[in-house]
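What follows is a short report on a single structure.
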Amino acid sequence: MAFTLRQLQYFVAVAEQGSVTRAAQNLLISQSSVTEAIKELEGDLGVELFERHPRGLTITYNGHQFLRHATKILADVSDARNVFAETRQSTGGTLNIGVTSLVAGYVLSDLLARYRRACPGVEVCAIEDNGSYLEHLLIGGELDVAVMVISNLRDRMALQAEILETSSYRLWLPIGHPLVSAAIISVQDIAREPLIMLTVDEIEENTGKLLSALGARPHVAFRTRSVEAVRSLVATGAGVALLPDLVYRPWSLEGDRIESRDVSGALPVVQVGMVWRKGSSLSQSARDFVGIAEASRSGRVR
């Protein structure tokens, strides 16, 4: 029969007090309970832990050896209890979080679901806005953390950023488009097509810079802040779109198919990450959020 924590507690108390009587008084239990626990422990270990004599007990060499282990076991158990006690205490409070439009439905929703399961008592206050305004709120201490596109982070001296997901640009096409079957698609091929431009989170800026750098002037047929509108417009043949893969879905809301293809050349990537004020002391709720986001990061690079 394996020894118990109760037996270890009684053994340590007797070793420290040098007396069953004093150990029992400190533990607020009977002497017979302490004596029986020590006998059971010695029987389980197969060694004598104390030498018994008329004046009391003296710990043996084996007892000294086992005392180190017993003390460590009880300390580890105490640490384990404290960890869960701290977790329970940290479930209160508030988390003020910012998010940019592009990542609100594609990254943040999953993180918040994980966070609420882990910290159900925390009140989450979220605001959606453009990246530059969220940077302003972070520096001013009005937000604890933001989940946003960090590829074009402006104030890197004042802000700390950690990448959660990296997503490459790909070309969205309607079914039956000639480029769907092309072996290689170049940026010049895209420049000849009507382009549906998404105008959130620096996507329009990135796409424009990419095409301009390669000498291609985009023919923009439609500008919109809605990813769903881009899907519908591409699916129905109004144009093509060049967007990060993290927002790609193969169907529009109307149920029309959208194809996605790689484009040759050095295309930029979109980095989505967590941002907080550099040097700030994050609250426990914010540290918990960062930890959960870091734990869910593996396997997300696209």
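Numbering of the sequence shown is given in UniProt numbering, commencing with residue 1 and proceeding in unit increments. Note that CB positions come from ideal geometry on N, CA and C, so glycine has one too.
Next item on the list: Just the C-alpha distance for Arg-116 and Glu-123, rounded to the nearest angstrom, thanks.
Entry: Spanning the two alpha carbons is a distance of roughly 9 angstroms.
Worksheet entry | Rounded distance between the beta-carbons of Ala-161 and Ile-97, thought under 8 angstroms | Contact between Ile-97 and Ala-161 does not hold, since their C-beta atoms are separated by about 15 angstroms, which reaches or exceeds 8 angstroms.
* Asked: Is His-136 helix, strand or coil when you go by DSSP?
  -> Of the three classes helix, strand and coil, the one that applies to His-136 here is helix, per DSSP.
Q. Are the beta-carbon atoms of Arg-114 and Ile-292 separated by less than 7 angstroms?
A. Yes. Within cutoff.
Quiz item: Cβ of Ile-73 within 7 angstroms of Cβ of Trp-172?
Solution: In this structure, Ile-73 keeps its C-beta atom at 7 angstroms or more from the C-beta atom of Trp-172.
Of the residues Asn-152, Val-103 and Ala-118, the one placed nearest Asp-129, counting alpha carbons only:
Answer by Cα proximity: Val-103.
*asked:* Between the alpha carbons of Leu-210 and Glu-204, how many angstroms are there, rounded?
replied: Spanning the two alpha carbons is a distance of roughly 10 angstroms.
Considering only DSSP beta bridges, list what Gly-265 is partnered with.
The bridge partners DSSP lists for Gly-265 come to none.
Tell me the DSSP secondary structure of Ala-223 in three-state form. Contrary to the premise, residue 223 reads as Arg rather than Ala in this sequence. The three-state reading of DSSP puts Arg-223 in strand, counting E and B together.
Original post:
Going straight from the alpha carbon of Met-157 to that of Gly-279, what length do you get?
Top reply: CA-to-CA, the gap between Met-157 and Gly-279 works out to about 11 angstroms.
Next on the checklist: If you follow the beta strand (DSSP E) that Tyr-169 is in, where does it begin and where does it stop?
Outcome noted: From DSSP, the beta strand (DSSP E) with Tyr-169 extends over 159-174.
Subject >> Per DSSP, the bridge partner or partners of Ile-150 >> reply: Ile-150 has no beta-bridge partner at all, per DSSP.
Exercise. If you drop the 5 nearest sequence neighbours on each side, which residues of the same chain put their C-beta closer than 7 angstroms to that of Ser-30?
Worked result: Non-local C-beta neighbours of Ser-30 in its own chain, meaning closer than 7 angstroms and more than five positions away in sequence, comprise Ala-24, ordered along the chain.
query: Terminal residues of the continuous beta strand (DSSP E) containing Gly-98?
result: Run containing Gly-98: 94-99, per the beta strand (DSSP E) assignment.
Review point. Cα separation between Asp-245 and Gly-93?
Key: Across the structure, Asp-245 and Gly-93 are spaced so that their CA atoms are roughly 35 angstroms apart.
task: Over the uninterrupted beta strand (DSSP E) stretch that includes Glu-51, give me the two end residues.
output: Run containing Glu-51: 50-53, per the beta strand (DSSP E) assignment.
Quiz item: Using 8 angstroms as the threshold, is the segment 136-144 in touch with the segment 220-238, meaning 3 or more CB pairs across them?
Solution: Verdict: no, contact absent.
Check your understanding: Once you ignore the five residues that flank Leu-108 on each side, which residues in its own chain have a CB closer than 7 angstroms to its CB?
Key -> So the list reads Val-99 and Val-147, once near-sequence residues are dropped.
Nearest-angstrom Cα distance between Val-263 and Gly-273? For Val-263 and Gly-273, the distance between alpha carbons rounds to 25 angstroms.
**Item:** Residue range of the unbroken alpha helix (DSSP H) whose run includes Thr-58
**Value:** No alpha helix (DSSP H) holds Thr-58; the beta strand (DSSP E) holding it covers 56-59.
Checklist entry - Of the choices Val-290, Ala-182 and Ala-295, whose alpha-carbon is the least far from that of Asp-144? => result Checked all of Val-290, Ala-182 and Ala-295; the closest Cα to Asp-144 is Val-290.
For Arg-277, count neighbouring Cβ atoms within 10 angstroms of its own Cβ and tell me buried if that reaches 16, exposed if not. Counting C-beta atoms within 10 angstroms of its own C-beta, Arg-277 has 16 or more neighbours from the protein chains shown and is therefore classed as buried.
In terms of residue numbering, what span does the alpha helix (DSSP H) encompassing Ala-24 cover? Segment 20-27, the alpha helix (DSSP H) holding Ala-24.
- Task: Can you tell me which of the three DSSP states Ser-296 falls into?
- Result: Ser-296 falls in the coil class under three-state DSSP.
Query raised in the report: What's the gap between the Cα of Leu-164 and the Cα of Arg-249?
Result: In a straight line, the C-alpha of Leu-164 is about 20 angstroms away from that of Arg-249.
- Task: Kindly indicate which three-state DSSP category Val-14 falls into: helix, strand or coil?
- Result: For Val-14, the secondary structure class from DSSP, reduced to helix, strand or coil, is helix.
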